[in-house]
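**Q**
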Amino acid sequence: MAKILKMGPSPHIRTKETVDDVMYDVILALLPALLAGSYFFGIRAIIVTAVSILSCMATEYICQKLMKQDIQIFDGSAILTGILYAFVIPPYMSLTYVVVGAIVSIALGKMVFGGLGHNIFNPALVGRAFVQASWPVAITTFMYDDMGGATMLDVMKRGLSTDMALIEKGNLYLNTFIGGMGGCLGETSALALLLGGAYLIYKKQVDWKVPAIIIGTVFAASLIAGADPFLHIFSGGLFLGAFFMATDMVTSPHTSKGKMIFAFGIGVLVSLIRFKGGYPEGVAYSILIMNGFVPLINRYTSPKKFGEVK
Amino acid sequence: MKFFGFKGGVHPPENKIQTENQAIETLKAPKMVYISLLQHIGVPLTPCVKVGDRVLKGQTIADSEAFLSVPVHATVSGTVKKIENLPFPLMGNVQTIVIENDDQEEWASLRKVENWKEASKEDLLSIIREKGIVGLGGAAFPTHIKLNPPSDTKIDALLLNGAECEPYLNSDNRVMIEEPEKVVEGIKIMKHILKVETVVIGIEDNKKEAIEVMKKACEGTGIEVMPLKTMYPQGGEKSLIKAILNKEVPSGKLPSAVGVVVNNTTTAAAIYDAVVNGLPLLDKVVTITGKAISEPKNLRAVIGTPISDLLENCGYKEEEAEKIVMGGPMMGMAQFTLEVPVIKGTSGLLALTKEETNYCKPKACIGCGKCVDACPMSLEPIMYARLAAFSQWEEMANYHLMDCIECGSCSYICPSNRPLTEAIKIGKAKLRSMKK
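Line order of the protein sequences matches chains Y and A. Note that my numbering has the first sequence beginning at 75, numbered continuously upward. Note that my numbering has the second sequence beginning at 856, numbered continuously upward.
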């Protein structure tokens, strides 16, 4: 009998790139920031990140079991959420909170919506928002060089005193850019995040305009508000949010124009929160708020169809 | 002339190297030829021979009064053995005339045009129809209709599609390299019919030899050869017009709406043979390739040759083949049997291995938007899959579903391997059936 040939519609070939490749590309791009974090905060950074990743994967495993889905904890998405969640919390936060936040990220941020691709909000930020609401002190206690201290944004917002060592160490701009200061685990080094971001842009996983618009908007708003624009863009979670969270494929618009609007919205919200709101930082909330607008943005930014009569 | 390019598109591995330097070989006509009576877009033809009749090579064996139709001809001399429904490469079964080849090569008398430069447009169109010429790029649209746009539309440009943007295929490429004079003469005939000044041949820049040969052949004719960026679907009619002339064919309209007629370069060669030599369209150059083929070739086969003949001639490795595709890998049709014959629109025959098709289980859509960026028509394929999952056919139409050219770029690029093109095809079929 002749061999049974496979049928199916065209196209009959497909790209080699899979969802897993996309996820691992982003994970790879986050490695410089992880290295920078462990340089500045020591082994603690690695421990927190590892605990976060393992908690995320375990949570996803349990959820997928309960929901009778295929177990796909190695597709990279849970690992990615674990890294991102670890990056947006202070490295010296209690490991209990790290675990709770990671569980919330996956369970409430992703699996309740149906799993990968179905969530509306960035899971890591959902975890962070939960911890911030539950243990506000734990998530805003930053240490650097064994000294508790305010972050650069605290200093600028509330006129608090920063640890003088940081300022004495030399060029303030250079330090904030490289990351030698207090802050969240993966947020402090703008340089390391920029390296990872450049890799993603090169691999075409990220549209360069998204981070450019967010950072540009905050820069311009800082100028208008009379604040130091460089300290503002290099401090807090702006680079991490701009390169790695606002560009999250699942929770950002799929049209090119939509991505621009989304990015601009984040930039405006970050500036409003920083200059008019109650928090010194505002990247996480800005992204979460704009995540909620994504379906609406998609709806009104359909590209102009080829041959559409103007 | 400036090259404008088009938005979107993908660049799959070209896989042209296996056959690009393989000169066209002529495959011996088989013992039995199977001539399907639906070789063009339109309605099936009515046979004008019956079982037992002796037919001569080149003799018309079926025709139709319908507007969108062209006749088919006996591609060998011999006896009509059967007229029945048999497997057809594009879908299901179609009435087919089976001729037993007597190897006599006895030709029917062939009408030709002695001096086409003095012939009228009507004469030329009628001989093009009579010889069964259809667009040989794969769509098989009757050429005489394409060359006769409505009298109220003014045609000012003729574009020749030598892009051959489908990966793997080289049949147009080889015809341009080996028969440039035929192509150029055919173009001149079309130019004479359409009375246009602007004539441009677009060829993708991965076909350096064809570009050189055609440039040389076009010297002094006023026909321009334009290298195009290698990018699928560069050869799509609308993409080609956008890339060369920077004109957008309005949604739902034909190229004539912007004063353009597009034809394939191999069709031009067939027009030359029909008009000057009186030859009906009897054979087709087919690229046979794929990893389950050990000797990839470009074969000239008579229409009606079973594809098994072509495969066997090229070292078909049955145990390695996963999919047999007629046409290119992006838009071709998968075949479930090797009993189907070569038809006028056949330009390639691929025996693909599992590794080549690179199939993987579909995963959830991560909303990356790569399909949106890849769509040459600026549509949002991501929405079609989402809406099709909930049977929202009308909503799909609101997203301009009917403008989709089914090029497959979205499915190709999708990292989750979502069945996007499939959703679109189903959606289109649903919408059409709802309109009825």
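The beta carbon of each residue, even a glycine, is placed where N, CA and C say it ideally should be. Only a predicted model underlies this, so the values are computations on that prediction, with no experimental measurement involved.
1. Determine, for Y/E134, whether the minimum Cβ-Cβ distance to residues of chain A falls below 8 Å.
2. Looking at the structure shown, is A/K936 part of a helix, part of a strand, or coil, going by DSSP?
3. Alpha carbon to alpha carbon, how far is Y/S296 from Y/V122?
4. Return the chain-ordered ranges of every beta strand (DSSP E) run that is complete within the segment 1188 to 1256 of chain A and spans a minimum of 3 residues.
5. Where does Y/I101 fall in DSSP's three states?
6. From the DSSP output, which residues share a beta bridge with A/P1161?
7. What number of angstroms, rounded off, separates the C-alpha of A/V1180 from the C-alpha of A/A878?
8. Check this for me: beta carbons of Y/T291 and Y/F338, under 8 Å apart or not?
9. Please tell me whether, using a cut-off of 7 Å, the distance from the CB of A/P1005 to the nearest non-hydrogen atom of the ligand HEM is below it.
10. Between the segment 1168 to 1181 of chain A and chain Y, which residues of the former have a C-beta closer than 9 Å to a C-beta of the latter?
11. Go through its chain and collect everything with a Cβ distance to Y/F313's Cβ below 8 Å, but skip five positions before and after it.
12. Buried or exposed, going by whether 16 or more other CB atoms sit within 10 Å of the CB of Y/G273?
13. If you follow the beta strand (DSSP E) that Y/Y208 is in, where does it begin and where does it stop?
14. For the segment 127 to 147 of chain Y against the segment 175 to 182 of chain Y, are there 3 or more C-beta pairs whose distance is under 8 Å?
15. Roughly how many angstroms separate the alpha carbons of A/E1021 and A/T1076, rounded to a whole number?
16. A/T1201 CB to nearest chain Y CB: under 8 Å?
17. May I have the straight-line CA-CA distance separating A/K1084 from A/I872, to the nearest angstrom?
18. Check whether the Cβ of A/E1067 lies closer than 8 Å to any Cβ atom in chain Y.
19. Can you grab the Cα-Cα spacing for the pair A/T1122 / A/P1151, in whole Å?
20. In chain order, which alpha helix (DSSP H) runs of at least 4 residues are fully inside the segment 259 to 337 of chain Y?
21. Enumerate in chain order the residues of its own chain whose CB-to-CB distance from A/K1146 is below 8 Å, with the five nearest sequence positions on each side excluded.
22. Buried or exposed for Y/P369, going by 16 or more other Cβ atoms inside 10 Å?
23. Give a yes or no on whether the C-beta atoms belonging to A/D957 and A/S924 are separated by under 8 Å.
24. Examine chain A for any beta-carbon lying closer than 8 Å to the beta-carbon of Y/P83, and answer yes or no.
25. Pull up the distance between the alpha-carbon of A/K1071 and that of A/K1037, whole angstroms please.
26. With distances taken Cα to Cα, identify the nearest neighbour of A/K1093 among A/S1266, A/K1285, A/M1232, A/Q950.
27. Locate the alpha helix (DSSP H) running through A/N1070, then write down its first and last residues.
28. For A/M1186, which residues in chain Y fall below 8 Å Cβ to Cβ?
29. Taking 6 Å as the limit between beta carbons, can you name the residues of its chain near Y/G366, skipping five residues before and five after?
30. Can you pull the DSSP bridge partners for A/I1143?
31. Just to make sure I have the definition right: I need the residues of chain A whose C-beta is within less than 8 Å of the C-beta of Y/M141. Which are they?
32. On the three-pair Cβ rule with 8 Å, is the segment 977 to 991 of chain A touching the segment 1124 to 1131 of chain A?
33. Please list, in chain order, all residues of the same chain as A/D978 whose beta carbon is under 7 Å from its beta carbon, the five residues on each side excluded.
34. Leaving aside the five residues before and after A/N948 along the sequence, list all residues of the same chain whose C-beta is less than 8 Å from its C-beta, in chain order.
**A** Walking through what the data contain:
1. No, no contact with chain A.
2. strand
3. If you draw a straight line from the Cα of Y/S296 to the Cα of Y/V122, it is about 33 Å long.
4. 1188 to 1190, 1203 to 1207
5. helix
6. A/P1196
7. 22 Å
8. yes
9. The model depicted lacks the ligand HEM and carries no ligand whatsoever.
10. Residues E1173, E1174, A1176, E1177, K1178, I1179, V1180.
11. E261, A264, L267, L268, G271, P285, I289, I307
12. Per the sequence presented here, residue 273 of chain Y reads as Tyr, with Gly not at that position. Classification of Y/Y273: buried, given that the 10 Å Cβ count is 16 or more.
13. A small correction: the amino acid at residue 208 of chain Y is Ser; Tyr does not occupy that position in the sequence shown. Unbroken run through Y/S208 is the alpha helix (DSSP H), 197 to 208; no beta strand (DSSP E).
14. Three or more Cβ pairs closer than 8 Å define a contact, and the segment 127 to 147 of chain Y meets that threshold against the segment 175 to 182 of chain Y.
15. 29 Å
16. no
17. 17 Å
18. no
19. 23 Å
20. 264 to 276, 283 to 299, 303 to 308
21. E1175, A1206, L1207, T1208, E1210, E1211
22. exposed
23. no
24. Yes, its Cβ sits closer than 8 Å to a Cβ of chain A.
25. 13 Å
26. A/M1232
27. One point to set straight first is that residue 1070 of chain A is Lys, not Asn, in the sequence displayed. 1063 to 1073 is the span of the alpha helix (DSSP H), which, as asked, contains A/K1070.
28. In chain order: S84, P85.
29. Here the set comprises nothing.
30. Note: A/I1143 sits in a beta bridge opposite A/K1152, A/L1204.
31. Ordered by position in chain A, no residue passes the 8 Å Cβ test against Y/M141, which lies about 13 Å from the chain.
32. yes
33. Contacts found: V968.
34. N940, L941, P942
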